[in-house]
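J.: Every letter in the sequence shown is one number past the one before it in the working numbering, and letter 83, counting from 1, is 83. Mind looking over this structure? Questions follow.
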Amino acid sequence: MSEEGYKKLLAELKELETVERPKISAAIAEARDKGDLSENAEYDAAKEAQGMLEMKINKLKMVIGDAKIIDESKLKTDSVQILNKVELKNVKNGMKMTYTIVSESEANLKEGKISVNTPIAQGLLGKKVGDVAEIKVPQGMINLEVVNISF
Numbered sequence: 001m002s003e004e005g006y007k008k009l010l011a012e013l014k015e016l017e018t019v020e021r022p023k024i025s026a027a028i029a030e031a032r033d034k035g036d037l038s039e040n041a042e043y044d045a046a047k048e049a050q051g052m053l054e055m056k057i058n059k060l061k062m063v064i065g066d067a068k069i070i071d072e073s074k075l076k077t078d079s080v081q082i083l084n085k086v087e088l089k090n091v092k093n094g095m096k097m098t099y100t101i102v103s104e105s106e107a108n109l110k111e112g113k114i115s116v117n118t119p120i121a122q123g124l125l126g127k128k129v130g131d132v133a134e135i136k137v138p139q140g141m142i143n144l145e146v147v148n149i150s151f
């Protein structure tokens with residue numbers, strides 16, 4: 001993953017551990033003070049939220065622990081690879097689109113970042129400018145021409 005993506009994950013983990021965890025602990029304590037725990041829906045909801053938060057924290061720690069930061073200075077633009085920004089043209093309708101191929105944890109379609117594990121990214125890896133990739137998507141087969149590769 002990129003160094004930027006790694007730093008975002010670290011910031012999110014810190015936020016969850018230092019802000020969200022104490023909020024949920026306070027909610028549990030408040031619900032516990034309201035009496036009988038066997039019929040206390042607030043307590044049950046707070047405990048469930050705590051479980052979900054701890055699960056999210058553990059997942060983030062695993063992703064951070066397994067992360068490998070890619071040295072962006074060694075990336076090339078002669079063929080499509082991870083962290084490249086790829087400008088594409090749909091051969092059938094001429095529609096242009098631009099995607100940045102990133103790690104699974106950094107994917108965000110609104111920002112134009114697609115996971116390296118998606119069918120489109122898999123079909124583009126290794127292609128050069130001018131190559132046409134035939135990619136199987138849920139709607140069928142599409143042909144995408146690589147127009148430009150950059151950072």
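The C-beta atom is built at its ideal place from N, Cα and C for all residues, glycine as well.
1. Check residue 127 in the structure and name its three-state DSSP category.
2. For residue 133, does the three-state DSSP call read helix, strand or coil?
3. Please name the residue, chosen from 12, 90, 4, 78, that lies closest to residue 70 on a Cα-to-Cα basis.
4. Given that a residue counts as buried once 16 or more other Cβ atoms are within 10 Å of its Cβ, and exposed if not, what is residue 14?
5. Going by DSSP, what residue range makes up the beta strand (DSSP E) through residue 58?
6. Does the structure place the stretch 93 to 105 close enough to the stretch 33 to 53 that three or more beta carbon pairs sit under 8 Å?
7. So, are the CB atoms of residue 64 and residue 10 less than 9 Å apart?
8. Is DSSP giving residue 18 helix, strand or coil here?
9. Would you kindly work out how many angstroms separate the C-alpha atoms of residue 98 and residue 77, rounded to a whole number?
10. Rounded to whole angstroms, what is the Cα-Cα separation between residue 46 and residue 36?
11. My understanding is that residue 1 touches residue 67, with C-beta atoms under 8 Å, so please give their C-beta distance in whole angstroms.
12. Relative to the alpha-carbon of residue 147, which residue among 111, 128, 102 has its alpha-carbon at the smallest distance?
T.: On the basis of the coordinates in this document:
1. In the structure shown, residue 127 adopts coil according to DSSP, grouped into three states.
2. When secondary structure is reduced to three states using DSSP, residue 133 falls in the strand class.
3. Selected option, being the one with the closest Cα: 4.
4. Classification of residue 14: exposed, given that the 10 Å Cβ count is below 16.
5. In the DSSP annotation of this structure, residue 58 is not part of any beta strand (DSSP E); the continuous alpha helix (DSSP H) holding it starts and ends at 41 to 66.
6. In short, these stretches do not touch, since the Cβ pair count stays below three.
7. Their beta carbons are under 9 Å apart, which means residue 64 touches residue 10 by this criterion.
8. Residue state, collapsed to three classes: helix.
9. If you draw a straight line from the Cα of residue 98 to the Cα of residue 77, it comes to about 15 Å.
10. Cα-Cα distance, rounded: 15 Å.
11. Between residue 1 and residue 67, the beta carbon gap of about 5 Å places them in contact (Cβ cut-off 8 Å).
12. Ranking the options by Cα distance to residue 147, first place goes to 128.
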